[in-house]
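Take a look at the structure set out below.
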Amino acid sequence: LCAASKMTKLSAVLIGLAVASVSAFTAPAASSLFGLRPSASLTSSSTAVGAYPDVLVVGPSMLQLVVAKHLSQRSDFTPMVVAPQKTIDSYQKLVNDPSGTILKDALIGLPEESDGMVPGTFKGVVFTAEDPVLNGAILEKILSWKGFAPGFKCVVCAPISEFVNKEKKANWMPILNNDRKEEEQWRTFVDSVRGFDFASFNGCEGCFVRHGSLLGGGTDGADELNDLGLDEAAYKMSLEQYRDLRERSFDRYRLGAQILSGDAVNRQPPDQKDKEKKFISKEEDREAFCASGGYPEQDRTNRHTLASLAVHILNNGVAGDFEVDRGMKVEKEITVLSKCVSAIPGQEEWAQLISNPGPAQWPDPEKYVPQEKVEE
811 LCAASKMTKL SAVLIGLAVA SVSAFTAPAA SSLFGLRPSA SLTSSSTAVG AYPDVLVVGP
871 SMLQLVVAKH LSQRSDFTPM VVAPQKTIDS YQKLVNDPSG TILKDALIGL PEESDGMVPG
931 TFKGVVFTAE DPVLNGAILE KILSWKGFAP GFKCVVCAPI SEFVNKEKKA NWMPILNNDR
991 KEEEQWRTFV DSVRGFDFAS FNGCEGCFVR HGSLLGGGTD GADELNDLGL DEAAYKMSLE
1051 QYRDLRERSF DRYRLGAQIL SGDAVNRQPP DQKDKEKKFI SKEEDREAFC ASGGYPEQDR
1111 TNRHTLASLA VHILNNGVAG DFEVDRGMKV EKEITVLSKC VSAIPGQEEW AQLISNPGPA
1171 QWPDPEKYVP QEKVEE
């Protein structure tokens, strides 16, 4: 009984630590984020030093930070993070930004002229929430904001409707399981986005970007992630066994992209695994095969990949005819999934992927040559 009591206490402590580490990403009440009250800046206005921000990044989520970092490092835009105060405070430990530029203009509400905002100067907005905290009313309130320039771009991110093998989120716990309710909230949000006439908001160019289960977003991968990734602590925000290894594997091996029309997955051929076992005898070789050569993900997406796509859309928009139900008002709906390439797509590759959407090919294991044979 004594041993059981100790284990119970230990479990309680571990759960408490996990809850504390992810509570910043718990869905807040929508009214607390975009209520009709003055915004509050964390620091003095950036008009004193450097350019004032020109893109809103709306969260809260880990994706929000990754998008803000990509905008800061890979574009001429200056991001403004909008999230609850509690979340912004927690971001200080995760952002991996010694210069302090990413969060210096963070706000808990929409900026006002008293914050230094000049009406008609913001060029875009990215909605990045990983929990279903947004709704049509919030989107309408934000898109109606006077800070946006004519023809501004809007990227709305939301998960795909159906998963092949849905990953649990980093903050998922059995005692807090709310999956069924969240699925219904996402469906309601998706319906509202699809019914949105983005162009009616000052000529806004809107794009609905669907993504798979989100993983990665740190620095444990290619050198290019050093300036784009979050702190090491981002890999350790879950009690789920081996979760950090899966997160790291996405940053090491799964930075490539697939662009699909509409809301879609890339289902593995029914005989793919059987063929891999038949033609690749060693388990370690099969693991290497599945982590290289553009091996596609069915329903998972690296946060870095999604963030890079958002930057591309803000810069270039989305050209092409996508499979969107013509009864819907949303003009563009695309899905981004990862594939096994250890580099984030560049602007030319993004343009090619968007111009020619479709699932990545599943590689033929019969043609796979193990590394030791290549070296021979």
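Numbered per my numbering, the sequence shown spans residues 811 to 1186. Beta carbons: idealized from backbone N, C-alpha and C, even for Gly.
Proximity below 9 angstroms, CB of residue i to CB of residue j
i       : j       : result
LEU1025 : SER1152 : no
PHE1008 : GLU1015 : yes
GLY926  : ALA893  : no
LEU881  : GLY1027 : no
VAL966  : LEU949  : yes
ALA1161 : HIS1122 : yes
VAL891  : ALA1120 : no
GLN883  : LEU1038 : yes
ASN1076 : LEU1163 : no
GLY1104 : ARG1062 : no
GLY946  : VAL905  : no
SER871  : ASP941  : yes
ILE912  : PRO889  : yes
PHE1011 : SER954  : yes
ASN975  : GLN1108 : yes
GLU1057 : ALA1043 : no
TYR1178 : PHE1060 : no
VAL1128 : CYS1017 : yes
SER971  : ARG997  : yes
Secondary structure of residue i, DSSP reduced to three states
i       : result
GLY910  : coil
LEU1065 : coil
PHE1006 : coil
PRO969  : strand
PRO1175 : helix
ASN1076 : coil
ASN1126 : helix
THR1111 : strand
LEU944  : coil
PHE999  : helix
ASP1095 : helix
SER885  : coil
GLU922  : coil
ALA1161 : helix
SER1118 : helix
LYS1083 : helix
ASP1030 : coil
LEU1040 : coil
GLU977  : coil
ALA878  : helix
For residue i, the residue or residues it bridges with in DSSP
i       : result
THR1145 : ARG1020 and LEU1070
LYS963  : GLY934 and GLU1015
GLY1168 : ILE1069
VAL892  : VAL868 and LEU917
PRO1106 : LYS1149
LEU1025 : ASN1112
PHE1089 : Answer is none; PHE1089 lacks a bridge partner.
PHE958  : PHE932
Cβ separation of residue i and residue j, assumed to be a contact under 8 angstroms, to the nearest whole Å
i       : j       : result
LYS1149 : GLN1068 : 6 angstroms
LYS933  : VAL865  : 6 angstroms
ARG1110 : GLY1022 : 4 angstroms
LEU1035 : SER885  : Their Cβ separation, rounded to whole angstroms, is 17 angstroms, which puts LEU1035 and SER885 out of contact at 8 angstroms.
PRO1106 : TRP1172 : 6 angstroms
PRO921  : GLY957  : 6 angstroms
ASP915  : PRO863  : 5 angstroms
ASP1033 : LYS1046 : No, ASP1033 and LYS1046 are not in contact; Cβ-Cβ is about 22 angstroms, not under 8 angstroms.
Local Cβ density within 10 Å of residue i, reported as buried at 16 or more and exposed below that
i       : result
ASP1084 : exposed
VAL1000 : buried
THR1145 : buried
THR931  : exposed
ALA1074 : buried
ILE1174 : In the sequence under discussion, the amino acid at residue 1174 is Asp, which differs from the Ile named in the question. Classification of ASP1174: exposed, given that the 10 Å Cβ count is below 16.
ASP1126 : Checking the sequence shown, residue 1126 turns out to be Asn, not Asp. Under this definition ASN1126 is an exposed residue.
VAL1019 : buried
GLU1176 : exposed
ALA878  : buried
SER1118 : buried
ALA861  : exposed
LEU969  : Going by the sequence as given, residue 969 is Pro instead of Leu. So PRO969 ends up on the buried side.
PRO929  : exposed
GLU1143 : buried
ASP1112 : Strictly speaking, residue 1112 in this sequence is Asn, with Asp absent from that position. Flag for ASN1112 reads buried.
ALA834  : Bear in mind that the predicted position of ALA834 carries a pLDDT of just 46, short of 50, making it unreliable; the figure below should be weighed with that in mind. It is buried - the Cβ of ALA834 has at least 16 other Cβ atoms within 10 Å.
PRO1155 : buried
Any non-hydrogen atom of the ligand MG within 8 angstroms of residue i CB
i       : result
ASP1073 : As for the ligand MG, it is missing from this structure, which has no ligand bound.
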